[in-house]
Amino acid sequence: SQQGEEDPQALSIQEGENATMNCSYKTSINNLQWYRQNSGRGLVHLILIRSNEREKHSGRLRVTLDTSKKSSSLLITASRAADTASYFCATDAWETSGSRLTFGEGTQLTVNP
Amino acid sequence: EPEVTQTPSHQVTQMGQEVILRCVPISNHLYFYWYRQILGQKVEFLVSFYNNEISEKSEIFDDQFSVERPDGSNFTLKIRSTKLEDSAMYFCASSRLADFDEQFFGPGTRLTVL
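Chains A and B, in that order, give the protein sequences. The numbering used here puts the first residue of the first sequence at 1, with every later residue one more than the last. The numbering used here puts the first residue of the second sequence at 1001, with every later residue one more than the last.
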């Protein structure tokens, strides 16, 4: 079955630095979404990128998608302590109906003040 | 900004008991979902629901589970006879469309089965 896998598993940076997280997946997709989860809390939707898009921006977030390599990256620029959270990619596989999302293991980002 | 809400935030139950988890999706959304996250593990898809019927379900969603939209606003997940391994965070989500659309998640219900 399809899996999203994030890399690295954990990332620790200083405030003001950029953070890059990667996601790989195995099957063809309709779209890929990135979510943030603060410890023990709900999932906050960050950005959706469609399979025919290559790059998308939203505020300090930049997402890229390379369908030939089946990978995506999430860049957070000028990070803040409040960005500390787990970040997940989730894919919506082409062959399934009903838009089941398959989540990766997540990257735990720590931004040190 | 509209959001998905879930109640209760935390439910503790005895093994074998029935639980109902409740969700209010975003009002103009048509597709509804349940996911769960066992502590320390990935978020896993359980079921999707559209037009008053299940669109898709995972292998986790066995006969112990059922979903219902009892009225125009609520969406519920029922677990008939809870097991210890059902302990998890349960997330409801909704989207306006199926494909090519964002799924917005609620804050979750933490279910603890003793």
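Even for Gly, the Cβ is constructed at its ideal location relative to N, Cα and C. Since this is a predicted model, take the numbers as computed values, not measurements.
If we count the other Cβ atoms within 10 Å of its Cβ and call it buried at 16 or more, is residue 1052 of chain B buried or exposed? Position 52 of the second sequence, counting from 1, holds the residue named residue 1052 of chain B. It counts as exposed.
Just grab the DSSP bridge partners of residue 1064 of chain B for me. Against the second sequence, residue 1064 of chain B aligns to sequence position 64. DSSP output for residue 1064 of chain B lists no bridge partner at all.
Classify residue 1018 of chain B as helix, strand or coil using the three-state DSSP reduction. Walking along the second sequence from the start, residue 1018 of chain B turns up at place 18. If DSSP states are grouped into helix, strand and coil, residue 1018 of chain B belongs with coil.
So with CB distances below 9 Å, who are the chain B contacts of residue 105 of chain A? Residue 105 of chain A sits at position 105 when you count from the first residue of the first sequence. Simply 1041, 1042.
Using a C-beta to C-beta distance shorter than 9 Å, which residues of chain B count as neighbours of residue 16 of chain A? Working through the first sequence from its first residue, we reach residue 16 of chain A at position 16. Correct list: empty, because the minimum Cβ distance to chain B is about 28 Å.
Taking 7 Å as the cut-off, decide whether the C-beta atoms of residue 1006 of chain B and residue 1109 of chain B are in contact. For the purposes of this step, residue 1006 of chain B is identified with residue 6 of the second sequence, where counting begins at 1. For the purposes of this step, residue 1109 of chain B is identified with residue 109 of the second sequence, where counting begins at 1. Contact: yes.
Please confirm if the region 45–56 of chain A is in contact with the region 1007–1026 of chain B, defined as three or more CB-CB distances below 8 Å between the two stretches. no
Which of helix, strand or coil DSSP assigns to residue 1097 of chain B: Position 97 of the second sequence, counted from the first residue, corresponds to residue 1097 of chain B. Note: residue 1097 of chain B maps to coil in three-state DSSP.
Complete beta strand (DSSP E) runs within the region 31–112 of chain A (minimum length 3 residues, chain order): 43–50, 55–58, 61–66, 71–76, 85–93, 101–103, 107–112
Secondary structure of residue 1084 of chain B, DSSP reduced to three states: By 1-based counting over the second sequence, the position of residue 1084 of chain B is 84. Reduced to three states, the DSSP call for residue 1084 of chain B is helix.
Beta-carbon within less than 6 Å of residue 5 of chain A's beta-carbon, same chain only, minus the 5 sequence neighbours each way: which residues are those? Sequence index remark: in the first sequence, residue 5 of chain A carries index 5 (1-based). Hits under 6 Å: 24, 104.
Which residues bound the beta strand (DSSP E) around residue 11 of chain A? If you number the first sequence from 1, residue 11 of chain A lands on position 11. Counting along the chain, the beta strand (DSSP E) containing residue 11 of chain A begins and ends at 10–14.
In whole angstroms, what is the alpha-carbon distance linking residue 1092 of chain B and residue 87 of chain A? Residue 1092 of chain B sits at position 92 when you count from the first residue of the second sequence. Residue 87 of chain A sits at position 87 when you count from the first residue of the first sequence. Using only the alpha carbons, I get a separation of about 18 Å.
Residue environment, residue 1028 of chain B, which counts as buried when at least 16 other CB atoms sit within 10 Å: Sequence index remark: in the second sequence, residue 1028 of chain B carries index 28 (1-based). It is exposed - the Cβ of residue 1028 of chain B has fewer than 16 other Cβ atoms within 10 Å.
Endpoints, beta strand (DSSP E) assigned at residue 1113 of chain B: Translated into positions along the second sequence, residue 1113 of chain B becomes position 113. Note, residue 1113 of chain B: beta strand (DSSP E), 1109–1113.
Roughly how many whole angstroms lie between the Cα atoms of residue 107 of chain A and residue 47 of chain A? Residue mapping note: residue 107 of chain A aligns to position 107 of the first sequence, counting from 1. Residue mapping note: residue 47 of chain A aligns to position 47 of the first sequence, counting from 1. One C-alpha to the other measures close to 16 Å.
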